[in-house]
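In terms of my numbering, the numbers along the sequence shown are unbroken and rise by one, the last being 648. Idealized CB from N, CA, C, for every residue including glycine. Just so it is clear, the structure is predicted and the values come from calculations on it, not from any experiment. Report on the following structure.
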Amino acid sequence: MNFLLHRLPHYQGVTGPLLLIILDGMGLYRGRSEGYPGNAFEQAQPQTLLRLLQSEKIVTQLKAHGTAVGMPSDADQGNSEVGHNALGAGRIFAQGAKLVDEAIESRRIFQSSVWRNIINNSLQKRTPVHFIGLLSDGNVHSNINHLIALIAECDRAGVEEVYIHALLDGRDVPPISALKYFGMLEDFLWTIQVQAQKDKKRRRYAIASGGGRMVTTMDRYEADWRIVERGYNAHVLGEGPLFRNCFDAIIALRKQTQLDDQYLPPWVIADPSCSDKPIGQIFDDHAVIFFNFRGDRAIEITRAFIENNFSYFPRKRHPKVLYAGMLEYDGDTHLPPHYLVEPPAIDHTISEYLARNGISQYAISETQKYGHITYFWNGNNSAKFDETLETWIEIPSDTIPFDQAPAMKAHEIAEVAIEALQSGNYKFLRLNFANGDMVGHTGSLPAAIQAVRVVDQAVAKLLSVIDELEGTVIITADHGNCEQMIAVDPKTGQPKKAAGGNFEPMTSHTLNPVPFIIHGPDTARYALNTDIRNPGLANVAATILNLLGFAKPEDYLDSIIRINS
């Protein structure tokens, strides 16, 4: 493959280092309501970022959601995974939700050897199929419609038992919304049961266990294996408080804990024929499908099921199951070995181009976004392209709720990045400040305001060093979040009020654009590329290459800027 980059004829590139700062989850709110009270960015009044937005020559907005990042429609939120894919790839690829949509619509997913093996295993051994994953229509990690399609196909194939181990969202959807999705699923399961009785077929399709996504099953980047352990014990062993049905569980645990859905502890459903026995435990010869399409929060629970030499927590029982993911969650380690839908083949990322052309690179973030600045940025590849030219640094994240420590590791990231800048060893550096996203997801507006201020302070430190080095900075974000932390009525544009008169919190990502800023000594030579009508995240890669003095590859989307001679 040809990775040769051609030099621009009239621009040799920035003289100092080029630093890309990704303000994770910091979009630009564009609502209709004046004086909107839920914009953490606006209320924080971040002096450095506001000054840049108001005074720099190269300032614009980028589309960071929907079709601009490969999602099915512009009604779909962006997320950190697809955002970093687009930033690093320079092109738009069909992403998780869209891939699965297409695979189900074409029925390609049901013709795969993995699906056929699962069905044949169940029919021949008369063993259940278990589904584990996030139950919502947030379309960030999963979609309830995908689950329903898979369950329906199990029914059509004659599978007698199906159990669902459903995780509560409350993060990519409203914080108190689980009953909506569990109601949809229970109604669907009921129709299967009723039809089976009419047809005199044996069917036992039921919800077996659950729990909030932030404390059950869906840990990522090995931040807290206790989360995975809780889920594993609930799903596999049936360990946890027993309830008659999912509605009783959710309502009781909400009252008991006074927490949003995402933080509810794990629970288990009792077998109707024996109230002190859990329904749907997982044993040898069963099939297990993890139906999330996004990989970061699927990898650890996958390892707990498939690895023989596993030491992160004691598995009281390790059943030999036929395990499959919705997608391949790690393309480098090929985890899991079996999956239902082929992932997008993202090749020729900007990191690979730079490595093949001898450009030194540096990437840093804290644990919560380390995989995004490396694995997702590299096109779902966890390996470096050149060990001698690339340095990756992970700053361990806190293991407490982020609204309790909204600074997260922003200061630490800035300090270590400054050392890298001053070393003179790297031409292109990229970093991610996770605060706007992770604190925004908590729903705490005061914490999010503080998070924005801390990030602004960190950016100011970085800018002072960049200016000393005559370097250049690009500032953007991968999607919106903390700029819209109060739900808005789509018809009126007014903030929503919840019961009791308080504003209804919004913890999900947004459909808002994100900022794009260039700061450096050569900006007088740059102009915005007005030929691009709606620039998006995938236009950033070509921009980086231009700033480094290279023409973009032919298949990359156009640069956001033009450079005058």
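The three-state reading of DSSP puts Asn228 in helix, counting H, G and I together. In this structure, Val597 lies near Ala147, with their beta-carbon atoms less than 8 Å apart.
In this structure, the CA atom of Tyr406 is about 29 Å from the CA atom of Lys467. By the neighbour-count criterion, in which a residue is buried when 16 or more other Cβ atoms sit within 10 angstroms of its Cβ, Trp273 is exposed.
Just measuring C-alpha positions, the residue of Thr626, Lys338, Ala560 and Tyr445 sitting nearest Asn595 is Ala560.
DSSP places Thr575 outside both helix and strand once states are collapsed to three, so it counts as coil.
For Lys283, the closest of Leu628, Glu243, Asn617 and Arg113 by C-alpha to C-alpha distance is Glu243. In the DSSP assignment, Phe366 falls outside any beta strand (DSSP E) and carries neither an H nor an E. Cβ neighbours of Asp220 within its own chain (closer than 6 Å, five residues either side excluded): Asn226 and Ile227. With a cutoff of 8 Å on beta-carbon distance, Gly462 and Ile384 are scored as not near each other.
Residues Gly216, Leu217, His224, Ser225, Ala381 and Met409 of the same chain have their beta carbon placed closer than 7 Å to that of Asn375, with the five preceding and five following residues left out of the count. In the three-state reduction of the DSSP assignment, Leu472 falls in the coil class. Per the Cβ contact rule, the stretch 510-518 is in contact with the stretch 88-105 (3 or more Cβ pairs under 8 Å). Beyond the five residues adjoining it in sequence on each side, Arg400 comes within less than 7 Å, by CB distance, of Val319 and Leu320 in the same chain, given in chain order. Note on the stretch 532-609: whole beta strand (DSSP E) runs with a minimum of 3 residues are 555-559 and 597-602, in chain order. Counting the other Cβ atoms within 10 Å of the Cβ of Gly118 gives fewer than 16, which makes it exposed.
Counting along the chain, the unbroken beta strand (DSSP E) around Lys360 starts and ends at Cys357 to Pro361.
Thr340: member of the alpha helix (DSSP H) spanning Cys329 to Thr340, first to last residue. Closest in C-alpha terms to Leu170, from the list Asp343, Phe599 and Arg608, comes Phe599. Trp460 sits close to His167, with the two beta carbons spaced by under 8 Å.
Fully contained in the stretch 143-182 are the following alpha helix (DSSP H) runs of length 4 or more, in chain order: 163-172.
Bounds of the alpha helix (DSSP H) holding Glu383 are Ile382 to Ile389.
With contact defined as three or more Cβ pairs closer than 8 Å, the stretch 533-547 and the stretch 485-504 are in contact. Looking at Gln95, Ile234, Ala531 and Ile175, the one whose alpha-carbon comes closest to that of Trp198 is Ile234.
Here Leu87 is exposed: its Cβ has fewer than 16 other Cβ atoms, across all protein chains shown, within 10 Å. The beta carbons of Val142 and Asp605 sit about 15 Å from each other, so the pair does not count as a contact at 8 Å. Nearest C-alpha to Ser506 among Ala180, Leu552 and Asn162: Leu552. Non-local C-beta neighbours of Asp343 in its own chain, meaning closer than 7 Å and more than five positions away in sequence, comprise Gly253, Pro258, Ile259 and Gly526, ordered along the chain.
For Arg398, the closest of Val311, Ala186 and Gln567 by C-alpha to C-alpha distance is Val311.
The stretch 530-540 makes contact with the stretch 563-575: 3 or more CB pairs, one atom from each, lie closer than 8 Å. A direct Cα-to-Cα measurement between Lys281 and Met154 gives close to 40 Å. Under DSSP, Arg90 shares a beta bridge with Phe633. For Leu640, the secondary structure class from DSSP, reduced to helix, strand or coil, is coil.
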